[in-house]
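> Heads up: the protein sequence lines correspond to chains A and B, in order. First residue of the first sequence: 1, per our numbering; consecutive thereafter. First residue of the second sequence: 1, per our numbering; consecutive thereafter. Even for Gly, the Cβ is constructed at its ideal location relative to N, Cα and C. Take this structure, written in structure tokens, and hold onto it; I'll ask about it next.
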Amino acid sequence: MNKSRLIVVAAVLVAIFAIAATWYRRQESAAIDGAEALVRPYSATLGPADAPVTIVEFLDPECESCAAMHPITKRVMKEFDGKVRLVIRYATFHGNSAYAVGLLEGARAHEKYWPLLDVFFEKQPEWASHAAPRPELLAGYVEALGVNSQAVFDGAKSAETQRRIRQDQIDGNSLGVRQTPTFFVNGRRLTSLGYEPLRAAVQNALGSR
Amino acid sequence: MVGSASLFVVWLVSVIGMLGSLFFSEVMRLPPCTLCWYQRIMLYPLVIISTVGLVTRDTKAAKYSWPFAVGGLLVATYHNLLYYGFIPASLSPCTAGAVSCSERQIEWLGFITIPLLSQAAFITMVAALVRLHQSSKGVVR
């Protein structure tokens, strides 16, 4: 086999790969029409309901990257103050995720959703180590909130909470959410994580209106 | 030149297999199951071995390809038996992992699945190596 011919064939194959990858990523980041699966009426939201930009985040309280992205998302929201609405959806990929999400939903009825989410992410190294998870710590974080923690625990176990977790799972599957966090900015999937990609996507969404 | 043509087949199939599997996992973000990893372990070295063999015109590269091609064929066969239910999934070594080896992630035209593609690739490569072996013995002219 001729060496140069070999190089040509290899180059063609790699080029096909690159073109297909670019095409696939573009398809993936194209705006999604099925807005219903993206935001449910029950979803926890932060920011004005009529904000021009909606960030939908599929997160898992037990996921490290979600904890890392959390302050970044808040920073971006602060920068575009009043123009961004954050919608939280769940992708319960880890062993104790559903339990943690249940507590969050329980805390929501007592206006302690966002503080508890902050605490879960901050304390994540303590309770969510992959080698030795300590889910028993979660209840303590709820008690420290200073609300009727029994009511939160009851809310966590309620049929409505379980229904929401299941619905988020179904919607996540239909939207192709396979990793957390997965962000959609005005229906467009964010293909890389970090401050700059998220800021740029919000800026873009504002500009294209 | 049956020798280099056969080695070229191994090279072509392994390169397509490598790029294809990377497309599934890195672009489409389908998590590879445990058995898929074992097939990758067998497939990727074939890319290197056949490339060096073709570039240096050394058909002995076939010798080094055998264990990988046959090993991959065995794993792929096992995977397909599992996937299509000939072996009960409860015996599978990876149901506790993140992805079950019998979970169907892709079904093109109703029958093309990832394990089937892998099986086809390893069968083709083993066949090419058999042909190369025969040609070196003078059976094929």
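Step through the CB atoms of chain A and report whether any lies within less than 8 Å of the CB of Ile48 of chain B.
Chain A, which has no Cβ nearer than 8 Å to the Cβ of Ile48 of chain B, makes this no.
> Mind checking whether Leu129 of chain B and Trp66 of chain B have CB atoms under 8 Å apart?
For Leu129 of chain B and Trp66 of chain B, yes; Cβs fall inside 8 Å.
> Here's the rule: buried if 16 or more other CB atoms are within 10 angstroms of the residue's CB, otherwise exposed. What is Ile114 of chain B?
Flag for Ile114 of chain B reads buried.
> Counting pairs of beta carbons, one from the stretch 45-54 of chain B and one from the stretch 2-14 of chain B, are three or more of them closer than 8 Å?
The stretch 45-54 of chain B vs the stretch 2-14 of chain B: in contact.
> List, in chain order, every chain B residue whose beta-carbon is nearer than 9 Å to that of Phe58 of chain A.
Within chain B, no residue comes near Phe58 of chain A; the closest Cβ sits about 13 Å away, beyond 9 Å.
> With a threshold of 16 other CB atoms inside 10 Å of the CB of Ile170 of chain A, please say whether the residue is buried or exposed.
Ile170 of chain A comes out exposed.
> Look up Ala44 of chain A in the DSSP assignment and give the residues it is bridged to.
A:Ile88.
> Output, in chain order, the set of chain A residues within a Cβ distance shorter than 7 Å of Met28 of chain B.
Neighbours of Met28 of chain B on chain A, chain order: Tyr24.
> At a cut-off of 7 Å, is Glu136 of chain A close to the ligand FMN when judged by its beta-carbon and the heavy atoms of the ligand?
Inclusion of the ligand FMN in the displayed structure is not the case, the ligand content being empty and no account of it being possible.
> Along the stretch 12-25 of chain B, what residues have a CB closer than 8 Å to any CB found in chain A?
Flagged, chain order: Leu12, Val15, Ile16, Leu19, Leu22 and Phe23.
> What residues from chain A crowd round Pro31 of chain B, counting only those whose CB sits closer than 8 Å?
Ordered by position in chain A, the residues that pass the 8 Å Cβ test against Pro31 of chain B are Arg178.
> For Trp108 of chain B and Tyr64 of chain B, what's the separation of their Cα atoms in angstroms?
Using only the alpha carbons, I get a separation of about 33 Å.
> Could you give the first and the last residue of the continuous alpha helix (DSSP H) run that contains Phe122 of chain B?
Ile114 to Ser136 is the span of the alpha helix (DSSP H), which, as asked, contains Phe122 of chain B.
> Which one or two residues does DSSP pair with Arg189 of chain A in a beta bridge?
Per DSSP, A:Phe184.
> Starting from the N-terminal side, write out each stretch of the alpha helix (DSSP H) that is 4 residues or longer and does not extend beyond the stretch 49-89 of chain A.
You should have 64-79.
> Interface residues of chain B around Phe17 of chain A at Cβ under 8 Å?
Within 8 Å Cβ-Cβ: Leu19, Leu22 and Phe23.
> Measuring straight from C-alpha to C-alpha, what distance separates Arg29 of chain B and His94 of chain A?
Each residue's alpha carbon lies about 18 Å from the other.
> For Leu54 of chain B and chain A, any beta-carbon pair shorter than 8 Å?
Chain A, which has a Cβ nearer than 8 Å to the Cβ of Leu54 of chain B, makes this yes.
> When the distance is taken between beta carbons, is Leu132 of chain B closer than 8 Å to Ser6 of chain B?
Taking 8 Å as the Cβ cut-off, Ser6 of chain B and Leu132 of chain B qualify as a contacting pair.
> Report the three-state DSSP secondary structure of Ile19 of chain A (helix, strand or coil).
Reduced to three states, the DSSP call for Ile19 of chain A is helix.
> Does the Cβ of Trp23 of chain A have 16 or more other Cβ atoms within 10 Å, making it buried, or fewer, making it exposed?
Classification for Trp23 of chain A: exposed.
> Is the CB of Ala10 of chain A under 8 Å away from at least one CB in chain B?
Chain B contact via Cβ: present.
> Roughly how many angstroms separate the alpha carbons of Ala200 of chain A and Gln179 of chain A, rounded to a whole number?
Looking at the two C-alpha atoms, the distance is approximately 21 Å.
> For Ile88 of chain A, count the other beta carbons within 10 Å of its own beta carbon; 16 or more makes it buried, fewer makes it exposed. Which is it?
Per the 10 Å Cβ criterion, buried.
> DSSP beta-bridge partners for Trp108 of chain B?
DSSP lists B:Ile112 as partners of Trp108 of chain B.
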